[in-house]
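Below you'll find the structure, written out as structure tokens, and then a few comments.
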Amino acid sequence: MLDFEKNFNCPVAGVDEVGRGPLAGPVVAAAVILDKNNLPAGIRDSKKISKNKREIIAEKIRLNSHYAYGEASVEEIDNLNILQASLLAMKRAIESLKIVPSMSLIDGIYTPKVDLTCKPIVKGDSKSISIAAASILAKVYRDKIMTNLADKYPEYSFEKNAGYGTKEHLLALKSHGITPIHRKSFKPIYNILN
């Protein structure tokens with residue numbers, strides 16, 4: 009997974025986002041510059057790691073890297089669209105890094121508009137260790153946001169579904185209606201409103 013990073017003798021940031029598909033909550037991106045001489049074990053695509061293991065690896069990444077987060081709010085998702093909001097979250101993450109990378113490796117086919125070279129990598133979270141690290145940090149960070157929102161909106165079980173349109177979440181929407189953190193531009197929510 010170091011194939012992309014080993015070609016550079018300069019700081020390279022891996023960037024990934026999470027939260028494109030949920031019906032509620034922000035989209036979150038992380039940008040990570042790993043220390044190539046001190047790589048935590050177990051870094052791979054966040055979707056292939058259990059929640060407990062992901063949290064342990066995330067802590068090791070935070071201790072051995074430079075990283076930053078970026079978010080796009082529900083309002084930004086509804087006003088821009090989910091793709092543009094995801095790119096905005098990535099831009100915010102990259103621009104929040106304390107060390108300016110020479111290049112960013114971006115998961116996917118689109119890149120954010122930033123003042124540095126960005127290389128898109130399809131399925132980057134399974135090909136680049138930096139992107140995989142970013143996917144882990146972004147997932148853990150967003151899950152924490154959704155767990156906190158579950159305290160405010162307990163009927164929707166955000167601590168379990170992270171805002172995704174599970175059967176339980178859809179039933180809660182029918183029973184309790186939408187909240188301010190639901191994405192009004194997403195079809196199931198839009199249909200409830202109209």
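For this note's numbering, add 8 to where a residue sits in the sequence shown, where the first one is 1.
Quick reminder that beta carbons are idealized off the backbone N, C-alpha and C, glycines included.
Fair warning: this is a prediction, and the values are worked out from it, not measured in the lab.
My assumption, with CB atoms under 8 Å, is that residue i sits in contact with residue j. Please give the rounded CB distance.
| i | j | result |
| --- | --- | --- |
| GLU79 | PRO34 | 5 Å |
| ALA170 | MET154 | 5 Å |
| GLU13 | SER104 | 21 Å between Cβ atoms; not a contact. |
| HIS74 | LYS121 | So it is not a contact: roughly 22 Å between Cβ atoms. |
| ILE102 | ASP115 | At roughly 13 Å, the Cβ-Cβ gap does not stay under 8 Å, so ILE102 and ASP115 are not in contact. |
| PRO240 | TYR118 | Given a span of 9 to 202 for the chain in the structure shown, any question on residue 240 remains unanswerable. |
Of the choices the options, whose alpha-carbon is the least far from that of residue i?
| i | options | result |
| --- | --- | --- |
| ALA21 | ILE51, LYS59, ALA76 | ALA76 |
| GLY132 | VAL82, LYS121, ILE144 | ILE144 |
| SER138 | THR119, PRO48, GLY27 | PRO48 |
| TYR149 | VAL26, ASN17, PHE16, ASN169 | VAL26 |
| TYR161 | ALA32, ASN17, GLU13 | ALA32 |
| LEU95 | ARG28, ARG70, ALA141 | ARG28 |
| ALA98 | VAL23, ASN199, ILE197 | Here residue 98 is Met; the residue named in the question, Ala, does not match the sequence. The shortest Cα separation from MET98 among VAL23, ASN199, ILE197 belongs to VAL23. |
| ALA39 | LYS55, ALA66, PRO30 | ALA66 |
| VAL36 | LEU91, GLU13, ILE69 | LEU91 |
| LYS175 | PRO196, ALA158, ASP159 | PRO196 |
| ILE69 | ASN156, HIS177, ALA146, LEU178 | ALA146 |
| TYR182 | TYR198, LYS168, GLU167 | According to the sequence shown, residue 182 is Lys rather than Tyr. Looking at the Cα atoms, TYR198 is the closest of the given residues. |
Please work out which residues of its chain come closer than 6 Å, Cβ to Cβ, to residue i, disregarding the five sequence neighbours upstream and downstream, and give them in chain order.
| i | result |
| --- | --- |
| LYS127 | LEU113 |
| ALA140 | ILE51, ARG52, ASP53, ASP133 |
| ARG100 | GLY78 |
| SER81 | PRO34 |
Looking only at its own chain, which residues have a Cβ that is under 8 Å from the Cβ of residue i, when we skip the five neighbours before and after it?
| i | result |
| --- | --- |
| ALA180 | GLU163, TYR164, SER165 |
| SER110 | PHE16, CYS18, PRO19, VAL20, LEU124, THR125 |
| LEU201 | ILE186, LYS192 |
| HIS184 | GLU163, TYR164 |
| ASN72 | LEU42, ASP43, ASN46, LEU47, PRO48 |
| VAL108 | PRO19, LEU124 |
Apart from the five residues just before and just after residue i, which ones in its own chain have a Cβ nearer than 7 Å to its Cβ?
| i | result |
| --- | --- |
| ASP151 | ALA170 |
Segment contact, 8 Å Cβ cut-off, at least three pairs: the segment 183-195 with the segment 84-97: With a cut-off of 8 Å, the segment 84-97 and the segment 183-195 count as touching, because enough Cβ pairs lie within range.
May I have a chain-ordered list of the alpha helix (DSSP H) segments no shorter than 4 residues that lie completely inside the segment 52-130? For the segment 52-130, the full-length alpha helix (DSSP H) segments reaching 4 residues or more read 59-71, 82-88, 90-104 along the chain.
What are the complete beta strand (DSSP E) segments, minimum 3 residues, inside the segment 144-185? Here no run is fully enclosed.
Given 8 Å, three or more beta-carbon pairs between the segment 179-190 and the segment 53-67: No, the segment 179-190 is not in contact with the segment 53-67.
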